[in-house]
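As numbered in the working numbering, residues 138 to 502 make up the sequence shown, in order.
Inspection log for the structure reproduced underneath, given as structure tokens.
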Amino acid sequence: MTPTTPMTRTPPAAPPLPTAPTAPAVAATPAPRPTFIAHLHLHATLSDDQYAEILEALADITPRLQPFPPDAVQLDISGALRYFDLAPDHIVRMANMRLAARFGIRTSAGLAPNRMLAAMAAAATPPGHTTHIPHDPRAISNWLHPRPVTALPGIGRSTADTLHHYGLTTVGDVAGLPTATLQRILGAAPARLLAERAHGHDPRPVTPQPTALHLTAHHTADHDTLDPVDHHRAVLRLAEQLGTSLRDTDQATGRLTLTLRYADRSTTTRTRTLPESTAHTPDLAGAALGLLHSLALQRARVRGYTLRADRLRPAADAHHQLSLDPVDHQARAAEQAADRARRRFGPHAVRPATLAGPVPPAFPN
């Protein structure tokens, strides 16, 4: 007999371990395209009409341009690269050649990843040349940090003196300082803004010019006015009216023009370019009163007053000098509160004490 091999049973295979359901494939988010901002400083004295023609010529290159009258303009050329199939510096060269050929104007051009750097680059560039700051953090630092701290926008003499007192003379000195230390020197809000600028950060986009080219406030007296006090009050009233209109439309002005109309219907006009664009009523009032005093009125019989603000730009682009004066911050906070009250309760809900009394009509355009 042949021995039989004992039969063995193979145990059933273990069931497979449960697995987590496979997540659907997610397409990778494309990296954002780099931004290229060009700042062109125009070396020419231009009328308003000539400046408008220049903007029209540049709009053929990109519609994303922001005027800075009377002698500068910024362009976001990011979208123009693919359209023209050119490198960024070639786009800038094309813009410069167009201005030279059509208008005989030379420019100092800055090309950079953001608006602040582009403007600073243009300011450091001789006519007929372009300074290009690449999209590279090290290149930005190497160009920006050796600059004097006063090259940053908004650094006035008072802030610069304070920084120099602590040995902070270059942008790199400020960038290397801990934010907490800078806040103890300047205060919280100015320190945060200065630190951002010292590191080359500027999130502001290029935005088109507001549709209004100017704002105007008028006042017509009921009778001929001889009293200097009445002149003073009328001009203050127009400055307040104009400041409110500017802030309500988020704009700032770089130039004021005062026109007086006399009883014989003749007029005189004075214009002043402001040291920095503003919508702050005290700044406007100071400039407007300076224009009034420059007329040296004696016994002039004034019937009408007109105060005009032009060279308008978005308020976000008006670089207010960093101030260490708490009174300045308090005045601006009070102005914002007064604006909120006027919007809620009417235009005459809050008025300066110097304008207390009946409210003559003043009509902003």
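Ideal Cβ placement from N, Cα and C applies to all residues, glycine included.
Report the three-state DSSP secondary structure of Gly-441 (helix, strand or coil).
Looking at Gly-441 - three-state DSSP - the assignment turns out to be strand.
Jot down the residue ranges of each uninterrupted alpha helix (DSSP H) in the stretch 323 to 386, minimum 4 residues, whole runs only, in chain order.
Within the stretch 323 to 386, the complete alpha helix (DSSP H) runs of at least 4 residues are 325 to 335 and 365 to 385.
Are at least three pairs of beta-carbons, each pair with one atom in the stretch 332 to 351 and one in the stretch 422 to 434, less than 8 Å apart?
no
Can you give the beta carbon distance from His-356 to Arg-384, rounded, assuming they're within the 8 Å contact cut?
Not quite, the Cβ-Cβ distance comes to about 20 Å (not below 8 Å), so this is no contact.
Assign Ile-292 to one of three DSSP states: helix, strand, or coil.
coil
What's the C-alpha gap between Thr-109 and Ala-389?
The structure shown does not extend to residue 109, since the chain is modelled only from 138 to 502, so the question has no answer here.
Beta-carbon proximity check, Gly-247 vs Ala-238, cutoff 8 Å
For the 8 Å CB-CB criterion, Gly-247 and Ala-238 do not form a contact.
From the DSSP secondary-structure annotation, give me the bridge partner or partners of Phe-173.
Beta-bridge pairing links Phe-173 to no other residue.
Residue from Pro-207, Gln-378, Asp-387 and Leu-330 whose Cα sits closest to the Cα of Thr-344:
Cα-wise, what sits closest to Thr-344 is Asp-387.
So, is Thr-404 buried or exposed, given that buried needs 16 or more other C-beta atoms within 10 angstroms?
exposed
Do you know offhand how far His-269's Cα is from Pro-171's?
Taking the straight line from one Cα to the other gives about 14 Å.
Closest to Pro-274 by C-alpha separation, out of Ser-215, Pro-285 and Pro-250, would be which residue?
Pro-250
Enclosing alpha helix (DSSP H) for Pro-225 [first to last residue]:
225 to 240
Could you spell out where the beta strand (DSSP E) holding Leu-411 opens and where it closes?
First-last of the beta strand (DSSP E) with Leu-411: 404 to 415.
Where Thr-307 falls: helix, strand or coil (DSSP):
strand
Roughly how many angstroms lie between the CA atoms of Ala-424 and Ser-295, to the nearest whole one?
Rounded to the nearest angstrom, the two C-alpha atoms are 21 Å apart.
I want to know whether the stretch 432 to 442 touches the stretch 393 to 413 - three or more CB-CB distances under 8 Å.
The answer is yes - the stretch 393 to 413 touches the stretch 432 to 442, with three or more Cβ pairs under 8 Å.
Check this for me: beta carbons of Thr-287 and Ala-276, under 8 Å apart or not?
no
DSSP state of Asp-401, grouped into three classes?
coil
Exposed unless 16 or more other CB atoms sit within 10 angstroms - verdict on His-176:
buried
Reference Pro-264, options Ala-181, Ala-446 and Arg-370, closest by Cα
Ranked by how close their Cα comes to the Cα of Pro-264, the residues Ala-181, Ala-446 and Arg-370 have Ala-181 in first place.
Which residues in the same chain have their Cβ closer than 6 Å to the Cβ of Thr-408, if we skip the five residues on either side of it in sequence?
By the criterion of a C-beta distance shorter than 6 Å, Thr-408 is surrounded in its chain by Thr-394, once the five residues flanking it on both sides are discounted.
Can you give the Cα-Cα distance for Asn-233 and Asp-420, rounded to whole angstroms?
36 Å
Thinking C-alpha only, which one of Ala-354, Ala-452, Ile-214 and Gln-378 is nearest Asp-226?
Ile-214
Within the continuous alpha helix (DSSP H) that includes Gly-423, where are the two ends?
Segment 418 to 431, the alpha helix (DSSP H) holding Gly-423.
Excluding the five sequence neighbours on either side, which residues of its own chain have a C-beta within less than 7 Å of the C-beta of Pro-206, listed in chain order?
Tyr-188 and Arg-448
Closest by CA to Leu-289, which one among Asp-310, His-302 and Ile-228?
Checked all of Asp-310, His-302 and Ile-228; the closest Cα to Leu-289 is Asp-310.
Which residues does DSSP pair with Pro-204 in a beta bridge?
Val-210
What span of residues does the alpha helix (DSSP H) with Ser-278 cover, start to end?
274 to 281
Buried or exposed (CB count within 10 angstroms, at least 16 for buried), Thr-244
Thr-244 is buried by the Cβ-count criterion.
Given a cut-off of 8 Å on the beta-carbon distance, is the pair Thr-418 and Gly-380 in contact?
Against a cut-off of 8 Å, the Cβ pair of Gly-380 and Thr-418 comes out as a contact.
Would you identify the three-state DSSP class for Leu-509, choosing helix, strand or coil?
Absent from the structure is residue 509, since the part of the chain shown begins at 138 and ends at 502.
Three-state class that DSSP yields for Asp-197 in the structure shown
coil
Going along the chain, which residues of its own chain have a beta-carbon closer than 8 Å to the beta-carbon of Ala-194, five neighbours each way excluded?
Excluding residues within five positions, the ones whose Cβ falls inside 8 Å are Arg-235, Leu-236, Arg-239 and Phe-240.
Quick check on Arg-321: buried or exposed, where buried means 16 or more other Cβ atoms within 10 Å of its Cβ?
exposed
CB contact flag (His-351, Ala-261, <8 Å):
no
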